[in-house]
Each structure stands twice: as structure tokens, then as C-alpha cells.
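At position 113 of the sequence shown (counting the first as 1) the number is 112 in numbering that gives the first Met the number 0, and the numbers step up by one without a gap.
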Amino acid sequence: MKEKTLSVSAIKQGTVIDHIAATQALKIVSLLRLSENERRVTIGLNLKSRSMGLKDIIKLEDVFLSEVEAAQIAVFSPSATVNVIENYQVAKKYRVEMPSPIREVLSCPNPRCITNGEKTTTLFVVEENNGLAILHCNYCEKRFSLS
Ligand SMILES: [Zn+2]
0 MKEKTLSVSA IKQGTVIDHI AATQALKIVS LLRLSENERR VTIGLNLKSR
50 SMGLKDIIKL EDVFLSEVEA AQIAVFSPSA TVNVIENYQV AKKYRVEMPS
100 PIREVLSCPN PRCITNGEKT TTLFVVEENN GLAILHCNYC EKRFSLS
């Protein structure tokens, strides 16, 4: 466990999002706008993980996630863990939790959906189906999964 914490604590303070499903880190950074405001972001893609095979990792310097942001990360990768770093140490570690409903972070894949034509906030209800998250648009009833 010690070696693991060392590998993620190379930043003085901020957040390390670990155990992200491989290929999801870029989506998370762009959809959650994590790189805005000149934030320093380090992204690791397809890193070896004993438990997952391959994983992605995101390091955010001087950034602490809100509960809403952590929940939005779960939409893309329910396996992700959030490490809060203070003074090069992991001060707190928690697993993200899938929110329901999900607001704003995603757009509806149905091009005819009212949320794509107007400035209406999207809202999706999450259902679980064999470990997969199925999202259900509150406006057009479209069902889809992210994986
Ligand atoms: Zn829709």
C-alpha cells in the first residue's frame, strides 16, 4: 500500500483520481472542464493496474473536487477512487458514487430530444443492469449506456 500512495502523491496538494477505467480520463477531463482556469492537470493513460489490467489516472494540482464533480466522475468510471493530497500525503481517500439523477454533465444521444434543441438542462435517471449503468433521459425516454 505504501508504494501505491507514493506513486500518486507527487503533487504537494490537490487531487489524484485513480483507478479510472482505461480510455475514460480524457472524457472526464474535457466533460468536467478540469483543465480550465489554467489548472495544472497530469493525465496518465493505460497504466498497468494489478486489479484492473489497465487504468487511467488524473492528477489535479491545487484542485479539490466538489461532491457533485466526484459523482460526475462515477458516471464515466464507477471504479474510480479519489485521493485528496495534502503536503504530499494522502489525507483522504474515497470511492466515487454514481449519482442519480445526473444533471447537466451529459447530453442526450437522441438528436430530436428537446434538451438538444433548447437550453434545457438535461436530466438522466440511472438504473443498474447487470453491473452496467443504464441512463434514462427524463425528457425523451431514451435509454443508453456509456460503456
Ligand atoms: Zn433525451
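Where is the CB? At the ideal position from N, CA and C, for every residue including glycine.
Following the DSSP letters along the chain, one finds Ala90 inside the beta strand (DSSP E) bounded by residues Gln88 to Arg94. Taking 7 Å as the cut-off, the C-beta of Thr80 does not count as close to any heavy atom of ligand 1. Shortest Cα-Cα distance from Asn128 to any of Arg94, Ser144, Gln12 and Leu31 involves Ser144. Here the distance from the Cβ of Thr120 to the nearest heavy atom of ligand 1 is not below 7 Å.
The C-beta of Lys91 has fewer than 16 other C-beta atoms within 10 Å across all chains shown, which makes the residue exposed. Annotated as proximal: Ser76 and Ile19, with beta-carbon spacing under 8 Å. Cβ-Cβ distances below 8 Å link Thr80 to Ile16, Asp17, His18, Lys92, Tyr93, Arg94 and Val95 in the same chain, with the five nearest sequence neighbours on each side left out; the list follows chain order. A buried status is given to Lys54, since no fewer than 16 other beta-carbon atoms sit within 10 Å of its beta-carbon. Taking 8 Å as the cut-off, the beta carbon of Ala132 is found no closer than this to the beta carbon of Pro98.
Distance from the C-beta of Tyr138 to the nearest heavy atom of ligand 1 is below 7 Å. Cβ atoms of Ala24 and Ile42 come within 8 Å of each other, at about 5 Å. In this chain, the beta strand (DSSP E) harbouring Thr41 covers Val40 to Ser48.
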